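Peer 1: First residue of the sequence shown: 2, per this note's numbering; consecutive thereafter. The structure follows.
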Amino acid sequence: MSTRQAVAESGFVSGEERIDRHRWVEAVLAPLPGPDAYGMPADEHESWDEIETDLMKRGTLVQASIRWSAIAEIAAALLRTSSKDLRLLQVLVHAAPHLLGHEALPVCMVAAAQFHISYGGAPHPRNRPREKLAELLVKGLTDLMPSPGRGHLDPVDAIVVVKACDALAAKLAEISPDLGLDLGLIGSRASEIVRANAEAHPLPALAPAVSATESKPDVLDAAAPRSDQLRLDPSNERALKQSLATVAEFLLELNPAHPLAYRLRRFSTWYGISSPPPLSRSAQRSVLHPVSEDIADNYRQATERGGADTALVMRLERTCGQQPFWFEGQYLQYQIAVNLGREEVAQAIREEASRFLRTVSGVEALQFSDGTPMIPEAVQAWLEATRRSVTLGETMSQQEGNEGFLVVDRAFQAVASQVQSSIEAGHIDEALTLLDETRGGTRGLRNQTIWDLFILENLRNLGLRSHAARQADRLLASIAKVGLAEWEPELLKRIERLKG
2 MSTRQAVAES GFVSGEERID RHRWVEAVLA PLPGPDAYGM PADEHESWDE
52 IETDLMKRGT LVQASIRWSA IAEIAAALLR TSSKDLRLLQ VLVHAAPHLL
102 GHEALPVCMV AAAQFHISYG GAPHPRNRPR EKLAELLVKG LTDLMPSPGR
152 GHLDPVDAIV VVKACDALAA KLAEISPDLG LDLGLIGSRA SEIVRANAEA
202 HPLPALAPAV SATESKPDVL DAAAPRSDQL RLDPSNERAL KQSLATVAEF
252 LLELNPAHPL AYRLRRFSTW YGISSPPPLS RSAQRSVLHP VSEDIADNYR
302 QATERGGADT ALVMRLERTC GQQPFWFEGQ YLQYQIAVNL GREEVAQAIR
352 EEASRFLRTV SGVEALQFSD GTPMIPEAVQ AWLEATRRSV TLGETMSQQE
402 GNEGFLVVDR AFQAVASQVQ SSIEAGHIDE ALTLLDETRG GTRGLRNQTI
452 WDLFILENLR NLGLRSHAAR QADRLLASIA KVGLAEWEPE LLKRIERLKG
């Protein structure tokens, strides 16, 4: 596994966007140019001397003259562009309390966890005992933990710290199992803050679903979200998103064919995201790692086989939730829904993905950190077809309740939706056959013309632009001299009624 896939494979993400997108965390995750993912040791760069000169003042009478902001910027720049060196991470840990205030611990914990998950196998320096460096890092992180009467850790940040602490401890145990590095003090104190906040702000228990509990009480008792898992506070984005994701997963377990679970999951995933991800030095390459190719390929194979159980659907939902800009995952989930005959689910996924794409305009041209397109060609075509799809509501408004004055009858919507789903699933022959059969049974010049328009726009979207253009000319010529009496006879009848 490449280091650039490690974070995506691990599934670790703090869930707090201001922490995950902090410039230090992004510097840690930014891939380096060239074949060596670790770059050069930090002390081979001229700017390292500047860092060391300032750090030598620690514990002396001139400690107050240390330029914490300057050396932190140098360390972050080296991490981002030239070197994955553990000593640079330690510089940031030393500088954090002087620069980041109450965010020092969560930012450094997440940066340390991401660093070791991505580069823990062989980072620089390789000519020094890594055990000592790891001990110093753990000590530095522990010193950042506020103690009673000193400092403050927000309950939301405490949750971030607990998650990062667990991820870092697991990775350190894997890298150096004999070292016995202990992050327990950080984890226990952060957990105490989380528990204290839950006790101070209890939430009412969820009302039971009567019909479901009567049929499967044991299942619901085990699956239902507890009140301490939910925090519906719009001012706390992270807690709100986590709570909504918990409810979405619960709904998915209850009924994997209900579209609400999928809409709610996507709302929680994309809530608060209004712009494309940050870029590295390239104008197109973002700092985001792609989903591991092995994981993505497993989902692709399951989709191609045409079958998927609820467990696979839920795993894919979680992966999509952890990777908001993995549009291929949305496409795969859509295809699974189509294969399983869950048309409402497929439509929900398609609509929500299209809505998010409009929100983050410009993401179509971006790449993940390894250079792979953020939206592959097939997914681009799917999203474009979604944007251009013609439904009754997009063609002309339907005035319900006015007899004889419908643009097209309700069957139009059902057939049009079925045609669109077949096209997006790659069943072109099936879609064209359905279009031809339905057009042949349509009565009335107006309805036939709208169907012809629908057919031609689909042919254009499938790449038959020249053919569609020629047929459009013929269609225009055929209706150019049509009078109102032929086009909308019901309109004239209703006007005549008013005269009587």
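Even glycine gets a Cβ: it sits at the ideal position worked out from N, Cα and C. These numbers come from a predicted model, not from an experiment.
#1: How about Asp86 and Ile67: do their beta carbons lie closer than 9 Å?
#2: Under three-state DSSP, which class holds Pro260?
#3: Using the three-state DSSP reduction, which class does Gln421 fall into: helix, strand or coil?
#4: For Pro374, which beta-bridge partners are listed by DSSP?
#5: In this structure, does DSSP put Arg127 in helix, strand or coil?
#6: Compare the Cα-Cα distances from Leu341 to each of Phe328, Ala309, Gly121 and Phe455 and report the closest residue.
#7: Among residues of its own chain, excluding the 5 on either side of Glu365, which ones have a beta-carbon nearer than 7 Å to its beta-carbon?
#8: Between the alpha carbons of Ser119 and Leu30, how many angstroms are there, rounded?
#9: Does the beta carbon of Arg59 sit closer than 9 Å to a beta carbon anywhere in chain D?
#10: Kindly identify the DSSP beta-bridge partner or partners of Leu280.
#11: What does DSSP give as the partner residue(s) for Ser84 in the beta ladder?
#12: Can you check which of these residues, Leu80, Phe251, Leu142 and Pro34, is closest to Arg266 by C-alpha distance?
#13: Do Ala113 and Val94 have their beta-carbon atoms positioned less than 9 Å apart in this structure?
#14: Tell me whether Trp327 sits in a helix, a strand or coil according to DSSP, three-state version.
#15: What separation, rounded to the nearest whole angstrom, lies between the Cα atoms of Arg343 and Ala258?
#16: Three-state secondary structure (DSSP) at Val29?
#17: Could you tell me the distance, in whole angstroms, from the CA atom of Ala240 to the CA atom of Val157?
#18: Helix, strand or coil for Pro147, going by three-state DSSP, please let me know.
#19: Suppose contacts are defined by Cβ-Cβ distances below 9 Å. Is Pro277 in contact with Glu345 by that definition?
#20: Measure the C-alpha to C-alpha separation of Leu436 and Gln323 and round it to an integer number of angstroms.
#21: Check whether the Cβ atoms of Ile20 and Glu136 lie closer than 9 Å to each other.
#22: State the Cα-Cα distance for the pair Leu173 and Gln91, rounded to the nearest angstrom.
#23: Between Gly40 and Lys140, what straight-line distance do the alpha-carbon atoms span, to the nearest angstrom?
#24: Please name the residue in Gln334, Ala170, Arg127 and Ala284 whose C-alpha comes closest to that of Gly372.
#25: Which whole-angstrom value describes the C-beta separation of Ser275 and Thr360, a residue pair presumed to lie in contact below a C-beta threshold of 8 Å?
#26: So is Arg351 buried or exposed if we call it buried at 16+ other beta carbons inside 10 Å?
#27: In whole angstroms, give me the CA-to-CA distance for Gln400 and Leu476.
#28: Just reading off the alpha helix (DSSP H) that Leu56 is part of, what are its end residues?
#29: When you measure from the CB of Leu313 to every non-hydrogen atom of the ligand SAM, does any distance come out below 8 Å?
#30: Can you tell me where the alpha helix (DSSP H) with Arg306 in it begins and where it stops?
#31: Among Ala77, Leu463 and Gln368, which residue has its Cα nearest to the Cα of Ser527?
#32: Give a yes or no on whether the C-beta atoms belonging to Pro147 and Leu154 are separated by under 9 Å.
#33: Start and end of the alpha helix (DSSP H) containing Val483?
#34: Where does Ile20 fall in DSSP's three states?
#35: Could you work out which residue in Arg129, Thr247 and Ala71 is closest to Asp50 when comparing CA atoms only?
Peer 2: The answer reads as follows:
#1: To locate residue 86, count along the sequence shown from 1; it is residue 85. To locate residue 67, count along the sequence shown from 1; it is residue 66. No. Outside cutoff.
#2: Locating residue 260 in the sequence shown gives position 259, where the first residue counts as 1. Note: Pro260 maps to helix in three-state DSSP.
#3: Translated into positions along the sequence shown, residue 421 becomes position 420. Helix, per DSSP.
#4: Position 373 of the sequence shown holds residue 374. Gln368.
#5: Residue mapping note: residue 127 aligns to position 126 of the sequence shown, counting from 1. Coil at Arg127, not helix or strand.
#6: Here the question's residue 341 lines up with position 340 in the sequence shown. Leu341 has its Cα closest to that of Ala309, out of Phe328, Ala309, Gly121 and Phe455.
#7: The residue you call residue 365 lines up with position 364 of the sequence shown. Same-chain partners within the cutoff: Ile376 and Gln381.
#8: Along the sequence shown, read from residue 1 onward, the residue named residue 119 stands at position 118. Along the sequence shown, read from residue 1 onward, the residue named residue 30 stands at position 29. Rounded to whole angstroms, Ser119 to Leu30 spans 8 Å at the Cα level.
#9: The structure shown contains no chain D, having only a single protein chain.
#10: Stepping through the sequence shown from its first residue, residue 280 is reached at position 279. Paired residues: Ser287.
#11: Here the question's residue 84 lines up with position 83 in the sequence shown. Gly40.
#12: As a first step, residue 266 is located in the sequence shown; it is residue number 265 there, counting from the start. Comparing Cα-Cα distances from Arg266 to each of Leu80, Phe251, Leu142 and Pro34, the minimum goes to Phe251.
#13: Against the sequence shown, residue 94 aligns to sequence position 93. Against the sequence shown, residue 113 aligns to sequence position 112. Their beta carbons are under 9 Å apart, which means Val94 touches Ala113 by this criterion.
#14: Residue 327 sits at position 326 when you count from the first residue of the sequence shown. Reduced to three states, the DSSP call for Trp327 is coil.
#15: Working through the sequence shown from its first residue, we reach residue 343 at position 342. Working through the sequence shown from its first residue, we reach residue 258 at position 257. When rounded, the distance between both Cα atoms is 6 Å.
#16: Start at 1 with the first residue of the sequence shown, and residue 29 comes out as number 28. Here Val29 sits in helix by DSSP.
#17: For the purposes of this step, residue 240 is taken as residue 239 along the sequence shown, with counting starting at 1. For the purposes of this step, residue 157 is taken as residue 156 along the sequence shown, with counting starting at 1. So the alpha carbons of these two residues sit roughly 7 Å apart.
#18: Residue numbering aside, residue 147 sits at position 146 when the sequence shown is read from its first letter. It is coil, neither helix nor strand.
#19: The residue labelled residue 277 in the question sits at position 276 within the sequence shown. The residue labelled residue 345 in the question sits at position 344 within the sequence shown. Pro277 places its beta carbon 9 Å or farther from that of Glu345.
#20: Against the sequence shown, residue 436 aligns to sequence position 435. Against the sequence shown, residue 323 aligns to sequence position 322. Rounded to the nearest angstrom, the two C-alpha atoms are 39 Å apart.
#21: Stepping through the sequence shown from its first residue, residue 20 is reached at position 19. Stepping through the sequence shown from its first residue, residue 136 is reached at position 135. Result no, Cβ atoms of Ile20 and Glu136 do not sit closer than 9 Å.
#22: For this step, residue 173 is matched to residue 172 along the sequence shown. For this step, residue 91 is matched to residue 90 along the sequence shown. Rounded to the nearest angstrom, the two C-alpha atoms are 16 Å apart.
#23: The residue labelled residue 40 in the question sits at position 39 within the sequence shown. The residue labelled residue 140 in the question sits at position 139 within the sequence shown. Straight-line Cα distance between these residues: approximately 26 Å.
#24: Taking the first residue of the sequence shown as 1, we reach residue 372 at position 371. Taking the Cα of Gly372 as reference, the smallest distance to any Cα among Gln334, Ala170, Arg127 and Ala284 is reached at Ala284.
#25: As a first step, residue 275 is located in the sequence shown; it is residue number 274 there, counting from the start. As a first step, residue 360 is located in the sequence shown; it is residue number 359 there, counting from the start. Going by Cβ atoms, the distance from Ser275 to Thr360 rounds to 6 Å, so yes, they are a contact pair.
#26: For the purposes of this step, residue 351 is identified with residue 350 of the sequence shown, where counting begins at 1. Flag for Arg351 reads buried.
#27: Stepping through the sequence shown from its first residue, residue 400 is reached at position 399. Stepping through the sequence shown from its first residue, residue 476 is reached at position 475. In this prediction, Gln400 has a pLDDT of 36, which is less than 50 and means its spatial position is unreliable; what the coordinates show is noted afterwards. Whole-angstrom Cα-Cα distance: 26 Å.
#28: Position 55 of the sequence shown, counted from the start, is the residue given in the question as residue 56. Run containing Leu56: Ser48 to Leu56, per the alpha helix (DSSP H) assignment.
#29: Among the ligands in the structure shown, none appear at all, so the ligand SAM cannot be discussed.
#30: As a first step, residue 306 is located in the sequence shown; it is residue number 305 there, counting from the start. Residues Glu294 to Arg306.
#31: As shown, the chain starts at 2 and ends at 501. That puts residue 527 outside it, with no answer to give.
#32: On the sequence shown, residue 147 is found 146 positions in, with the first residue counted as 1. On the sequence shown, residue 154 is found 153 positions in, with the first residue counted as 1. A contact, by the Cβ cut-off of 9 Å.
#33: What you label residue 483 is simply residue 482 of the sequence shown in a count that begins at 1. Taken as a continuous stretch (DSSP letters only), Val483 belongs to no alpha helix (DSSP H), as it is neither H nor E.
#34: Within the sequence shown, residue 20 is the residue found at index 19, counting from 1. Helix, per DSSP.
#35: As a position in the sequence shown, residue 50 is number 49, starting the count at 1. Scanning Arg129, Thr247 and Ala71 for the CA closest to the CA of Asp50 turns up Ala71.
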